[in-house]
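Residue numbers for the sequence shown follow the numbering used here, beginning at -12 and rising by one. Note that beta-carbon positions come from the ideal geometry of N, C-alpha and C, so glycine has one too. Fair warning: this is a prediction, and the values are worked out from it, not measured in the lab.
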Amino acid sequence: MRLHASVLTFLLVTASPGFASEQIPDQYPQSVLYSKPVEVIPHVWSAIGATAPPTYENSGHNNNLSFIVTGEGVIVVNGGASYLLAKALHDEIRLITEEPVALVINENGQGHAMLGNAYWAELGVPILAHVDAAVEFEDRGPQILARMESYNKDKAAGTVLQGPSETFEEEQVIQMGRFRVEVKNLGPAHSPGDIVVWLPEHSLVISGDMAFHERLLPIFDDTDTAGWLESWEVFEALKATYVIPGHGHPTNMDQVRRYTKDYLVYLRGQVGKLLEEGGTLEQA
């Protein structure tokens, strides 16, 4: 499998906080996207988001927006954090291929996965998500939208709530063109309905928020860290050669293990130690 030089650098060099991009307000100023899509392996692309919180400067593009040019249509992974961000991604796709977007997959029910759905729905593109992610977005959508509008201001134009048009529970397999695409829920992870997109014939996984790279992962009120560690074992069993994480540059399993599993083990150990010494979860 040929790996493109721009991505190979990140696979070969040991990842460190120095590669994070918190101090770079925008790598692609002529676009709403934070960065221009790069080809990770042939026909699989990703626009890498800022490893920072969503801001007006990065237009909420702080996660990875990926797409697969299958030969019979394009599969997009993540709807984007706004209508304009989704449109900007589509503009880039059109520069790369004449194939139409055939499917959008939401990695979870968070804003950066679903708030751009309305753009794709206008085009008649089906949108797929896990059933738990759909419920999460339906329940919390107004708050998610309001938060995005507060930082994105005029860049929130056109964004309205639009959930997925299709849902699944455990796995959905898609054969399209040159790719077999397995959309899997591996169990609890960062937030309800997290999924991974596995390309078994290419040994590449688009991990969503199952795996982080180049930034500390945040813990939400509903994050099940013990369950996440159990799901991680299923994730590692894929034995993926290439990992496009939810956040951070494309890399390998060793690096996302360091930033995700190892951090969760450390965090749980430190919290457990505090509780044993009479501390409280509030102190943690």
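Pairwise C-alpha distance: residue j and residue i
i: E136; j: E263; result: 42 Å
i: F207; j: A176; result: 11 Å
i: G150; j: P40; result: 23 Å
i: A143; j: D119; result: 25 Å
i: T84; j: V64; result: 16 Å
i: T228; j: L110; result: 34 Å
i: Y70; j: I62; result: 18 Å
i: I131; j: G164; result: 35 Å
i: V25; j: K260; result: 43 Å
i: Q159; j: Y138; result: 35 Å
i: T38; j: D196; result: 13 Å
i: M101; j: Q257; result: 34 Å
i: R81; j: Y253; result: 43 Å
i: V56; j: E201; result: 27 Å
i: R134; j: H48; result: 14 Å
i: S190; j: W219; result: 17 Å
i: A89; j: Y250; result: 37 Å
Opposing strand residues paired with residue i [DSSP bridges]
i: P232; result: G195
i: A34; result: L52
i: T154; result: A116
i: E26; result: W32
i: M240; result: Note: M240 sits in no beta bridge, so no partner.
i: G168; result: As written in the sequence, residue 168 is Val, which differs from the Gly given in the question. Answer by DSSP bridge pairing, in chain order: I161.
i: L186; result: L191
i: V91; result: V63 and I114
Closest by C-alpha distance to residue i, when choosing among the options
i: W277; options: N93, V118 and H117; result: Residue 277 falls outside the range modelled here, since the chain spans only -12 to 271, and no answer is possible.
i: I182; options: L191, L102 and K171; result: K171
i: K140; options: R244, Y43, P113 and P12; result: Y43
i: M240; options: K260, S194 and A100; result: S194
i: G180; options: H117, H189 and A89; result: H117
i: V184; options: F222, R202, E86 and G259; result: F222
i: L186; options: G174, R202 and F166; result: F166
i: E125; options: G145, P113 and N95; result: N95
i: E188; options: V19, Q14 and P29; result: P29
i: V91; options: V168, A105, V112 and Y15; result: V112
Residue j beta carbon less than 8 Å from that of residue i
i: Q97; j: S178; result: yes
i: A198; j: V243; result: yes
i: E153; j: L115; result: yes
i: L204; j: T238; result: no
i: G36; j: H234; result: yes
i: E59; j: K23; result: no
i: V27; j: S18; result: no
i: G174; j: G145; result: no
i: I231; j: N50; result: no
i: L225; j: V192; result: yes
i: T212; j: R245; result: no
i: A68; j: H99; result: yes
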